[in-house]
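Quick notes on the structure that follows.
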Amino acid sequence: MTDQGRKRGGGRAARKAAQSVPVAQGPAYITRNVPVYEILDEEGLALIEANAETILQEVGVEFRGDLEALQIWKDAGADINGERVRIPKGLCKKLIQDNAPREFTQHARNPQKSVRIGGKNMVLVPAYGSPFVRDLGKGRRYATIEDFRNFVKLAYSTPFLHHSGGTICEPVDLPVNKRHLDMVYTHMRYSDKPFMGSVTAPERAQDTVDMAKVLFGEEFVRDNTVITSLINANSPLVWDATMIGALKIYARNNQACIVSPFCIAGAMSPVTVAGTASQLYGEALSGMAFAQLVRPGAPVIFGTFSSSMSMQSGAPTFGTPEPQLVLYIVAALARKLGVPFRSGGGLNSAKVPDAQAAYEAANTLQHAMLAGVNFMLHTAGWLEGGLSMSYEKFIMDIDQAGMIHSFLAGVDLSENGQALDAIREVGPGKHFLGCEHTQENFKTAFFRSSVADNNSFEQWEADGNLDTAQRANVIWKKMLDEYEMPAMDPALDEALLAFIRQRKESFPDASY
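Laid out in structure tokens, this is it:
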């Protein structure tokens with residue numbers, strides 16, 4: 002094929018891809034009609050629980066740099082030695098089960114997009130925390146606030162993500178001590194889905210709460226959850242002052258904390274599945290129980306992030322079997338404990354949106370779906386072990402998210418789903434293509450991928466020989482071109498901007 006022919010074909014392929022862009026409508030969240038998958042029986046789960054309680058009582062957890070936290074634990078009956086907190090068996094579990102809600106609603110500024118977290122519900126959330134971004138045209142580069150806005154727009158525009166996320170990428174073109182204000186504002190203004198708050202310093206958490214009070218009203222924020230935040234343990238068995246401080250701010254304001262250990266097995270936890278699960282569960286128990294000591298009834302999500310490790314290079318690996326086994330175990334423990342559960346989605350170590358990125362991400366997404374995750378962070382965009390947010394990978398992942406929607410809807414056993422009339426009409430030896438039932442159902446019968454090519458080789462070649470990443474490139478650009486900002490009261494927008502101006506003027510820029 003000539004270069005000119007490729008250009009013409011590429012244009013046809015671009016038009017086809019643009020026609021496949023999903024529109025921004027769909028359920029506010031998924032309610033699963035498919036059971037979860039269990040790998041351990043009650044005896045096995047009880048063993049992990051007992052080991053976690055032993056770790057908390059005998060080894061303990063450090064709460065570093067926060068004297069108030071140590072006093073809170075002392076008053077609750079824990080043994081304090083320096084910054085080491087040893088917690089009596091059963092105390093954490095009792096605090097959580099007596100106080101933490103089994104399910105809660107995170108309210109969006111558009112009430113139709115509020116999400117229910119916990120139970121049989123699943124909320125799909127973009128990836129989080131990458132300092133770099135990547136696309137086919139510009140390659141790998143440091144993220145900017147423009148990239149951040151773009152990903153918020155993309156998350157808003159797809160029906161397959163239910164949440165705007167948090168630090169989707171790190172806008173390094175803004176001062177580090179002020180960029181949280183621009184990020185939170187971007188979530189509030191460029192989307193009307195729920196969002197996550199800043200946790201990089203207690204005062205930044207407070208800024209998030211104060212901005213939420215401007216957006217929703219102080220009384221509404223007092224009585225309802227409008228922010229979810231990610232509180233990571235510093236594994237093994239450490240909570241640092243930054244995370245403790247942010248947790249206290251959110252818990253005291255009745256806002257949700259994802260209490261989430263971060264374990265690379267072999268470095269930050271033992272190399273075994275049972276050892277990692279026990280440590281991870283103990284860390285999560287200590288954080289969620291502390292939230293209840295700060296404010297009984299504060300909503301918490303049992304979070305987990307675990308990966309295996311290359312024993313040759315020391316790099317984290319994703320899509321491997323062992324972390325998936327940990328995932329199933331701790332998901333079951335979260336259900337026993339009675340709290341919502343968070344884990345990762347499209348995790349992978351690939352450097353570009355290639356076959357490795359696709360199969361590792363699909364593996365982690367599907368295991369998280371089957372394990373019963375309620376809040377799936379990192380659903381879309383994750384690349385390079387989390388160092389990069391990829392525009393093309395984002396589109397590939399939301400395609401997988403759409404399949405999760407379809408799978409968890411379960412089996413239609415209605416009269417139409419049973420299709421006996423179709424079988425009677427067609428009978429033996431004929432086909433179903435022209436029957437009435439097929440004509441009535443063909444538009445919605447099967448999930449239609451926006452990025453996969455199912456045409457013949459000849460048609461694919463005539464359309465420009467585009468691979469998946471190239472088709473995804475067309476789609477994200479089309480989505481941004483067609484993006485329309487959700488409406489907001491101009492007076493409310495100005496109030497948010499005025500708050501940001503006042504806060505930025507009150508302290509100097511800093512690079513740390």
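What the sequence shown shows, in our numbering, is residues 2 to 513, in sequence order. Where a beta carbon is used, it is the ideal one built from N, C-alpha and C, also for glycine. Remember, predicted model here, so these are calculated numbers, not experimental data.
Per-residue burial, residue i [other beta carbons within 10 Å of its own, 16 or more giving buried]
i	result
Lys8	Reliability fails at Lys8, whose pLDDT of 36 lies under 50, so the model's placement of it is uncertain and the value that follows must be treated cautiously. With fewer than 16 Cβ atoms within 10 Å of its Cβ, Lys8 is classed as exposed.
Met189	buried
Ile424	exposed
Gly403	buried
Arg472	buried
Pro322	exposed
Pro262	buried
Arg336	buried
Ser514	Residue 514 lies beyond the range of the chain shown here (2 to 513); nothing can be said about it.
Thr229	buried
Pro297	exposed
Phe443	exposed
Arg205	buried
Gly435	exposed
Gln280	buried
Leu248	buried
Val295	buried
Glu219	exposed
Ala511	exposed
Phe508	exposed
Distance between beta carbons of residue j and residue i, contact taken as under 8 Å
i	j	result
Gln325	His368	4 Å
Arg110	Leu238	No, Arg110 and Leu238 are not in contact; Cβ-Cβ is about 38 Å, not under 8 Å.
Ala332	Phe342	5 Å
Ala278	Val327	5 Å
Thr305	Ala285	7 Å
Gly78	Leu92	6 Å
Beta-carbon proximity check, residue i vs residue j, cutoff 8 Å
i	j	result
Leu384	Ala351	yes
Ile118	Ile399	no
Ala101	Met289	yes
Phe539	Thr243	Lying outside 2 to 513, the shown extent of the chain, residue 539 is not represented and no answer is given.
Ile575	Ile250	Coverage of the chain is limited to positions 2 through 513, which leaves residue 575 absent and any answer about it impossible.
Phe152	Phe395	yes
Thr318	Met397	no
Arg103	Gly339	yes
Asp136	Glu393	yes
Ile330	Leu366	no
Ala299	Asn255	yes
Ser131	Leu388	yes
Ser165	Lys194	yes
Met312	Ile265	no
Ser270	Ser236	yes
Val173	Ala202	no
Ile40	Leu334	no
Chain C within 8 Å of residue i, Cβ atoms only
i	result
Ala335	Within the model displayed, chain C is absent; a lone protein chain is all it includes.
- Query: Do the stretch 148 to 166 and the stretch 50 to 64 touch if we need at least three Cβ pairs shorter than 8 Å?
  - Reply: no
- Message: Contact between the stretch 163 to 180 and the stretch 453 to 468 is defined here as three or more beta-carbon pairs at a separation below 8 Å; is this criterion met?
- Response: no
- Pairing CB atoms from the stretch 204 to 214 with CB atoms from the stretch 29 to 36, are three or more of them under 8 Å? no
- Query: Is the number of C-beta pairs between the stretch 153 to 164 and the stretch 117 to 137 that are closer than 8 Å three or more?
  - Reply: yes
- At which residue ranges does the stretch 424 to 505 contain complete alpha helix (DSSP H) runs of 4 or more residues, listed in the order of the chain? 437 to 442, 458 to 463, 469 to 483
- Message: What ranges does the beta strand (DSSP E) occupy inside the stretch 98 to 172, keeping only unbroken runs of at least 3 residues that lie completely in it?
- Response: 105 to 107, 116 to 118, 122 to 125, 133 to 136, 140 to 143
- Three CB pairs or more closer than 8 Å across the stretch 57 to 71 and the stretch 80 to 94: yes
- Message: Quick check: the stretch 407 to 414 against the stretch 34 to 44, are at least 3 beta-carbon pairs closer than 8 Å?
- Response: yes
- Message: Quick check on the DSSP output: what are the complete beta strand (DSSP E) runs of length 3 or more inside the stretch 36 to 71, in order along the chain?
- Response: 62 to 64
- Going along the chain, which unbroken runs of the alpha helix (DSSP H) with 4 or more residues stay wholly within the stretch 360 to 397? none
- Query: Curious, which full-length alpha helix (DSSP H) runs of at least 4 residues does the stretch 285 to 360 contain?
  - Reply: 322 to 338
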